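Heads up, the thing below is written out as structure tokens.
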Amino acid sequence: MDKTLIVTIDGPAGVGKSTMAKQLARHLSIPYLDTGAMFRSVAWKLGEGSWEWDEAKLGAALDGIEYGLSGTGEDSVLSLNGTAIGNEIRTEQVGMWASNIATLPVIRTFLKAAQQALGEKFSLVAEGRDMGTVVFPDAPCKFFLDASVDERAMRRFRQLVAMGKPADLEELKEQIARRDHQDRNRVVAPLKPADDATTIDTTEMTREQVLAALKEAVA
Ligand code: DC
65 MDKTLIVTID GPAGVGKSTM AKQLARHLSI PYLDTGAMFR SVAWKLGEGS
115 WEWDEAKLGA ALDGIEYGLS GTGEDSVLSL NGTAIGNEIR TEQVGMWASN
165 IATLPVIRTF LKAAQQALGE KFSLVAEGRD MGTVVFPDAP CKFFLDASVD
215 ERAMRRFRQL VAMGKPADLE ELKEQIARRD HQDRNRVVAP LKPADDATTI
265 DTTEMTREQV LAALKEAVA
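Position 108 (the sequence shown) corresponds to 172 in my numbering; numbering is contiguous.
What follows is the structure, encoded as structure tokens:
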């Protein structure tokens, strides 16, 4: 089989990585891989407080977990043990649980292997925190998206309002800043741009402008 193409998009919570990854993947006619959803689904499956379990218990719980990927672009479907991962993982609370378990080496080692296995099988636009630095260090095309905390909180706020869900801007700012701090300062695979990544500060950019910049860079 020909070697797969891997494009990586890393960046902090709420910067718009998933939206961009889906659209860039559509442009390239390949799947996108939401690795945050992998951390979230493990956190959801293991439950609150699982980040305090010992390694043996965590290892045993991870043993039965397998991921699958099908489709391309925004129709990419990530599944856990054959079931598509749904919206139950899309809350700020599960995001914080995911950030908590993401500090644990046993979890990161397991998910890194699962992510690399998918990258062997499929060309991918892979988005997360350590795609360009740790999981796919040889990827030919790497991006790091950034934006101020205020702007990211405002984007989340608008998304929630559009979905008719309750939203509190100050609370979102505080949650995003807390998750940023933990993701950037953990010992294993902290959030940071790869040395060879193109960093794009999207604070003052529209989605269309960001997508155009990504498309131009992969052309
Ligand atoms: O992208 P997201 O908000 O869905 O990610 C949820 C959490 O998962 C994030 O706060 C940290 C963790 N994560 C990670 O450590 N490494 C990744 N590659 C993706 C997510």
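Even glycine gets a Cβ: it sits at the ideal position worked out from N, Cα and C.
Just so we're clear, the structure is a prediction, and the values are computed from it rather than from any experiment.
Boundaries cannot be given for Leu69, as no beta strand (DSSP E) includes it and DSSP labels it neither H nor E.
In this structure, Asp194 has its CB closer than 8 Å to one or more heavy atoms of ligand 1. Thr270 and Gly80 have their C-alpha atoms spaced approximately 11 Å apart.
In this structure, DSSP gives Phe200 a state outside helix and strand, which the three-state scheme calls coil. It is roughly 15 Å from the alpha-carbon of Glu184 to the alpha-carbon of Thr99.
For Asp98, the enclosing beta strand (DSSP E) starts and ends at 96 to 98.
About 15 Å separates the Cβ atoms of Ala258 and Lys176, ruling out a contact at the 8 Å cut-off. Listed as beta-bridge partners of Ala190 by DSSP are Thr72, Leu97.
Collapsing the DSSP output to three states places Thr173 in a helix. Between Gly123 and Gly228, the alpha-carbon positions lie close to 39 Å from each other.
Asp260 has its CB no nearer than 8 Å to any heavy atom of ligand 1. Distance from the C-beta of Glu184 to the nearest heavy atom of ligand 1 is not below 8 Å.
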